[in-house]
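S.K.:
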Amino acid sequence: MIKLFHAKGSRSVRIIWLFEELELDYELIHIERGKLNPDFIEASPFAKLPAIKDADLLLSESVAIVQYILMKYGEGRLHPETHSEDYAYYLHWLNFGESTLVLPIVDILKNTMFRPEEHRHQYSVDSAIQSFEQLIKTMDPILSQQDFLVGNQFTAADIINGYTLRLASNLKLLNDAEGTKNVCDYYRRLESRAAFQKAISS
Numbered sequence: 000m001i002k003l004f005h006a007k008g009s010r011s012v013r014i015i016w017l018f019e020e021l022e023l024d025y026e027l028i029h030i031e032r033g034k035l036n037p038d039f040i041e042a043s044p045f046a047k048l049p050a051i052k053d054a055d056l057l058l059s060e061s062v063a064i065v066q067y068i069l070m071k072y073g074e075g076r077l078h079p080e081t082h083s084e085d086y087a088y089y090l091h092w093l094n095f096g097e098s099t100l101v102l103p104i105v106d107i108l109k110n111t112m113f114r115p116e117e118h119r120h121q122y123s124v125d126s127a128i129q130s131f132e133q134l135i136k137t138m139d140p141i142l143s144q145q146d147f148l149v150g151n152q153f154t155a156a157d158i159i160n161g162y163t164l165r166l167a168s169n170l171k172l173l174n175d176a177e178g179t180k181n182v183c184d185y186y187r188r189l190e191s192r193a194a195f196q197k198a199i200s201s
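In numbering that gives the first Met the number 0, the protein residues as written are 0 to 201.
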């Protein structure tokens, strides 16, 4: 059985969500922040979540884990046909959610929560909010024509981006502003999924 190292609210939410959508069995190992679990450090030497152990295989990074799980256990689910044009778009959105969309959110969190107050900068927060709004406005026209990001079918790209939008929602950044309503509706569709609810409550 796959072991998933997890802390509530962390990026490992994505992997629980994936497991639940695929109806895979898994063992959840809760990691307490600040306490080092030797098995966890073996799987993730930089102590970053998520990380998995599948037999002798150790793997971290949420996008890499998603791709591995789908390759080994997905049976063709949650992604388009590999040789289709949609698969190229799928790869784009799979990486967009973690390498692009999340960046302004990280800046906001650093400057509102994580850094000591004397090192927080409001101008960085304001700039990050503007950047995030611009990014979701590029997504909005696509989601005006289809329910999901790729080929109008739910894929793992929606899981990656859905978690990022969850962070944005927690920061009150999804507010149905002009040019973003379809993204907000999209997020509401994602959060209504049973697998999503299971993941965020774990």
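Glycine is no exception: its CB is placed at the ideal position from the N, C-alpha and C atoms. The structure presented is a predicted model; accordingly, all values stated were derived computationally and were not measured.
Measure the Cβ-Cβ separation of L69 and F131 and say whether it is below 8 angstroms.
M.R.: As a working mapping, residue 69 is identified with position 70 in the sequence shown. As a working mapping, residue 131 is identified with position 132 in the sequence shown. No, Cβ-Cβ distance for L69 and F131 is not below 8 angstroms.
S.K.: What residue ranges within the segment 58-141 form continuous alpha helix (DSSP H) runs of no fewer than 4 residues, ordered along the chain?
M.R.: Whole alpha helix (DSSP H) segments, 4+ residues: 61-72, 84-98, 101-108.
S.K.: Would you mind working out which of E80, T179, P79, L93 sits nearest P140, comparing C-alpha positions?
M.R.: The count along the sequence shown starts at 1 and reaches residue 140 at position 141. Nearest option by C-alpha distance: T179.
S.K.: Rounding to the nearest angstrom, what Cα-Cα distance links S83 and F4 in this structure?
M.R.: Within the sequence shown, the letter at position 84 stands for residue 83. Within the sequence shown, the letter at position 5 stands for residue 4. Approximately 33 angstroms between the Cα atoms of the pair.
S.K.: Tell me, to the nearest whole angstrom, how far the beta carbon of V65 is from that of I135; I am working on the premise that it is less than 8 angstroms.
M.R.: On the sequence shown, position 66 is the one that residue 65 refers to. On the sequence shown, position 136 is the one that residue 135 refers to. About 21 angstroms; that fails the 8 angstroms criterion.
S.K.: Determine, using beta-carbon pairs with one atom in the segment 148-168 and one in the segment 118-126, whether at least three such pairs fall under 8 angstroms.
M.R.: With a cut-off of 8 angstroms, the segment 118-126 and the segment 148-168 do not count as touching, because too few Cβ pairs lie within range.
S.K.: Which same chain residues end up closer than 6 angstroms to E20 when comparing Cβ atoms and leaving out the 5 residues on each side of it in sequence?
M.R.: As a first step, residue 20 must be located in the sequence shown, where it is residue number 21. Closer than 6 angstroms at the Cβ level, and outside the excluded window around E20, lie A194.
S.K.: Using CA coordinates, which residue listed in K52, E41, I40 is at the minimum distance from I14?
M.R.: The sequence position of residue 14 within the sequence shown is 15, counting from 1. Considering only alpha carbons, the answer is K52.
S.K.: On the three-state DSSP scale, how would you describe I199?
M.R.: As a working note, residue 199 is residue 200 in the sequence shown. Of the three classes helix, strand and coil, the one that applies to I199 here is helix, per DSSP.
S.K.: Thinking just about the alpha-carbon of each residue, which of S200, A54, M138 is nearest to the one in Y186?
M.R.: Within the sequence shown, numbered from 1, the residue matching residue 186 stands at position 187. For the residues S200, A54, M138, the minimum Cα distance to Y186 belongs to M138.
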